[in-house]
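*Asks:*
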Amino acid sequence: MTEFHDSHLPEALVKKYDRPGPRYTSYPTAPEWSDQYGPEEYITAIKNAAKDLNEPLSFYLHVPYCQKRCWFCGCNTMVSRNVNVADDYLGRVDRETGMVAEILGERKNVSQFHWGGGTPSFLTDSQTKRAFEIFSQRFRLLPDAEISIELDPRVTGQDRVVLLKSLGFNRLSFGIQDFNHEVQEAIGRNQEESLGIGLYEFARKEGFTGINFDLIYGLPKQTIEGFQQTINKVIALRPDRIALYSYAHLPEGKPHQKKIDISSLPTPEVKAELFARARQLFIESGYRQIGMDHFVLPGDELAIAAAHGKLRRNFMGYTVNAARDWVGVGMSSISYINDNFAQNLSGINSYSAAIDSGKMATYRGMKLTPDDLVRQHAIMELMCNFRLDLNESGRRFNIDAGEYFAEELCQLAGFIDDGLITIEKGIIETTPLGKVFIRNIAMTFDYYLKTNRPQKRRVQFSRTI
Numbered sequence: 135m136t137e138f139h140d141s142h143l144p145e146a147l148v149k150k151y152d153r154p155g156p157r158y159t160s161y162p163t164a165p166e167w168s169d170q171y172g173p174e175e176y177i178t179a180i181k182n183a184a185k186d187l188n189e190p191l192s193f194y195l196h197v198p199y200c201q202k203r204c205w206f207c208g209c210n211t212m213v214s215r216n217v218n219v220a221d222d223y224l225g226r227v228d229r230e231t232g233m234v235a236e237i238l239g240e241r242k243n244v245s246q247f248h249w250g251g252g253t254p255s256f257l258t259d260s261q262t263k264r265a266f267e268i269f270s271q272r273f274r275l276l277p278d279a280e281i282s283i284e285l286d287p288r289v290t291g292q293d294r295v296v297l298l299k300s301l302g303f304n305r306l307s308f309g310i311q312d313f314n315h316e317v318q319e320a321i322g323r324n325q326e327e328s329l330g331i332g333l334y335e336f337a338r339k340e341g342f343t344g345i346n347f348d349l350i351y352g353l354p355k356q357t358i359e360g361f362q363q364t365i366n367k368v369i370a371l372r373p374d375r376i377a378l379y380s381y382a383h384l385p386e387g388k389p390h391q392k393k394i395d396i397s398s399l400p401t402p403e404v405k406a407e408l409f410a411r412a413r414q415l416f417i418e419s420g421y422r423q424i425g426m427d428h429f430v431l432p433g434d435e436l437a438i439a440a441a442h443g444k445l446r447r448n449f450m451g452y453t454v455n456a457a458r459d460w461v462g463v464g465m466s467s468i469s470y471i472n473d474n475f476a477q478n479l480s481g482i483n484s485y486s487a488a489i490d491s492g493k494m495a496t497y498r499g500m501k502l503t504p505d506d507l508v509r510q511h512a513i514m515e516l517m518c519n520f521r522l523d524l525n526e527s528g529r530r531f532n533i534d535a536g537e538y539f540a541e542e543l544c545q546l547a548g549f550i551d552d553g554l555i556t557i558e559k560g561i562i563e564t565t566p567l568g569k570v571f572i573r574n575i576a577m578t579f580d581y582y583l584k585t586n587r588p589q590k591r592r593v594q595f596s597r598t599i
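Going by the working numbering, the first residue of the sequence shown is number 135, and it counts up by one from there.
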């Protein structure tokens, strides 16, 4: 299939498909989880998962603190310039991790450990060591485990990079967003270009072979020409992976986004061109597109996994190491274990109170139904590998997938007419152009978006383009 390189997207398709929709870091999506699901249900899920002794786990640590809130941010964060606030927080993370470890018993192997936030590099060196020991004293990192952390170049020094290397971290994600100073001013994140580049070059000298750059398109003041300059600078540096995220402007749920002048946001058509042009430049310079918004060098393990249809996706991003079960610790963190989603309380006071009382901090979650699992597989195959083999789905779930998805197959006709997918011999596959609209295609299989389902609730999602 010919690769789609054109930086111009058909305007009619952009207008047709630019609508609110999930990003599908999970299915069912978080708004569908129930607040009737609490600590008892989560503990039961962990107990059931403890029996799978030979299956590795993924772990996520949420560090919520930032010295300053960026106006574009959609993460669960807390602003503080006092690093000592993290001491009490880590004490509670220690207790929570201990509770999880006790229930899991002898299931201790871990294939993926990710630190996110907030800003994990908010922590001091001693706090960073403590956080790592909280985990390493209870669980066993496998020799090929991916140990990754998100870094803000503005608050990360060279000494921290050296420390992370000594602890065993092997992947760094740099928050770049955009090198353009005018864009940085418009999002409340002034970051000298030299900070990110200098830290990147130092990390390379220290032996890091896994470095990601996080970029965002659709930010205020972004132009095609200006963003192209950022993309060219990134390409010249050759990070191993690039995440090209779409900015989600949702000020109703994120009040700090009201500081952004909406008149300075690019139109949907310009935003689509920002992505398409960046995509074209990355592919022409040798990067491979992975999933809907990642680009990696050809030798990267994600590229190899994608070529063999083995790519996976979770709240930590695209990965090859994702275990079936993952455990999140800390405020607002999410776990998926034994086909259950569970999320911790997202306020620091409520999270602290729960842990201090000796309880899990779970406040909502969901045990997946058989239908959820069938649709989860379908959506994740599309989001990760841009194809869905209905024959394989039928064997996996012991169903007639063509009959099971009869309604969805009818709904896909419009995507075929628009040149976005093909369906042959029971295999749904996106065209190169269809990759840009993969969220819309995946939405077809989402039961919870169906207009005729009972108890349909109004949910606010970011726009798909």
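Ideal placement from N, C-alpha and C gives every residue a C-beta, glycine not left out. No experiment lies behind these values; they were computed from the predicted model shown.
For residue 551, is the classification buried or exposed, using 16 other Cβ atoms within 10 angstroms of its Cβ as the cut-off for buried?
*Replies:* The residue is exposed, with fewer than 16 neighbouring Cβ atoms inside 10 Å.
*Asks:* Determine, using beta carbons only, whether residue 598 and residue 151 come nearer to each other than 8 Å.
*Replies:* Result yes, Cβ atoms of residue 598 and residue 151 sit closer than 8 Å.
*Asks:* In this structure, does DSSP put residue 156 in helix, strand or coil?
*Replies:* Of the three classes helix, strand and coil, the one that applies to residue 156 here is coil, per DSSP.
*Asks:* So, helix, strand or coil for residue 182, using DSSP?
*Replies:* Note: residue 182 maps to helix in three-state DSSP.
*Asks:* Straight-line CA distance for residue 255 to residue 176?
*Replies:* Answer to the nearest angstrom: the Cα atoms are 30 Å apart.
*Asks:* Could you give the DSSP three-state label for residue 375: helix, strand or coil?
*Replies:* Of the three classes helix, strand and coil, the one that applies to residue 375 here is strand, per DSSP.
*Asks:* Residue 179 to residue 473, Cα distance in whole Å?
*Replies:* When rounded, the distance between both Cα atoms is 8 Å.
*Asks:* Between the beta-carbon of residue 305 and the beta-carbon of residue 346, is there less than 8 Å?
*Replies:* Contact flag set, yes.
*Asks:* Between the Cα of residue 343 and those of 429, 373 and 324, spot the shortest distance and give me the residue it belongs to.
*Replies:* Comparing Cα-Cα distances from residue 343 to each of 429, 373 and 324, the minimum goes to 373.
*Asks:* Can you tell me whether residue 483 is helix, strand or coil according to DSSP?
*Replies:* Of the three classes helix, strand and coil, the one that applies to residue 483 here is helix, per DSSP.
*Asks:* Among the residues of its own chain, which have a CB less than 7 Å from the CB of residue 286, if the five just before and after it don't count?
*Replies:* Contacts found: 253, 255 and 309.
*Asks:* Spell out whether any CB of chain D is found under 8 Å from the CB atom of residue 302.
*Replies:* Of the protein chains in the structure, only one exists, and it is not chain D.
*Asks:* If I follow the unbroken beta strand (DSSP E) through residue 201, where does it start and stop?
*Replies:* Note, residue 201: premise wrong, no beta strand (DSSP E); not H, not E.
*Asks:* Taking the C-alpha atoms as reference points, what is the distance between residue 288 and residue 274?
*Replies:* So the alpha carbons of these two residues sit roughly 32 Å apart.
*Asks:* Given that a residue counts as buried once 16 or more other Cβ atoms are within 10 Å of its Cβ, and exposed if not, what is residue 537?
*Replies:* Residue 537 is exposed by the Cβ-count criterion.
*Asks:* When we look at the beta-carbon of residue 259 and count the other beta-carbons within 10 Å, is it buried (16 or more) or exposed?
*Replies:* The residue in question, residue 259, is exposed, as its Cβ has fewer than 16 Cβ neighbours within 10 Å.
*Asks:* Where are the alpha helix (DSSP H) runs, 4 residues long or more, that stay fully inside the region 313 to 369, in chain order?
*Replies:* Listed in chain order, the complete alpha helix (DSSP H) runs (minimum 4 residues) inside the region 313 to 369 are 315 to 320 and 327 to 339.
*Asks:* Rounded to whole angstroms, what's the CA-CA distance from residue 261 to residue 220? Just pull it up for me.
*Replies:* The alpha-carbon atoms of residue 261 and residue 220 are separated by roughly 8 Å.
*Asks:* Among 533, 408 and 355, which one has its Cα closest to the Cα of residue 380?
*Replies:* Comparing Cα positions, the closest option is 408.
*Asks:* Just to confirm, are residue 321 and residue 204 a CB contact at a threshold of 8 Å?
*Replies:* Result yes, Cβ atoms of residue 321 and residue 204 sit closer than 8 Å.
*Asks:* Mapping DSSP to helix, strand and coil, what is residue 413?
*Replies:* If DSSP states are grouped into helix, strand and coil, residue 413 belongs with the helices.
*Asks:* Would the region 357 to 376 and the region 402 to 420 be scored as touching if the rule is three or more Cβ pairs under 8 Å?
*Replies:* In short, these stretches touch, since the Cβ pair count reaches three.
*Asks:* Run through DSSP, which three-state label would residue 137 get?
*Replies:* Residue placement at residue 137 cannot be trusted, given a pLDDT of 46 that sits under 50; the coordinates are not used to answer.
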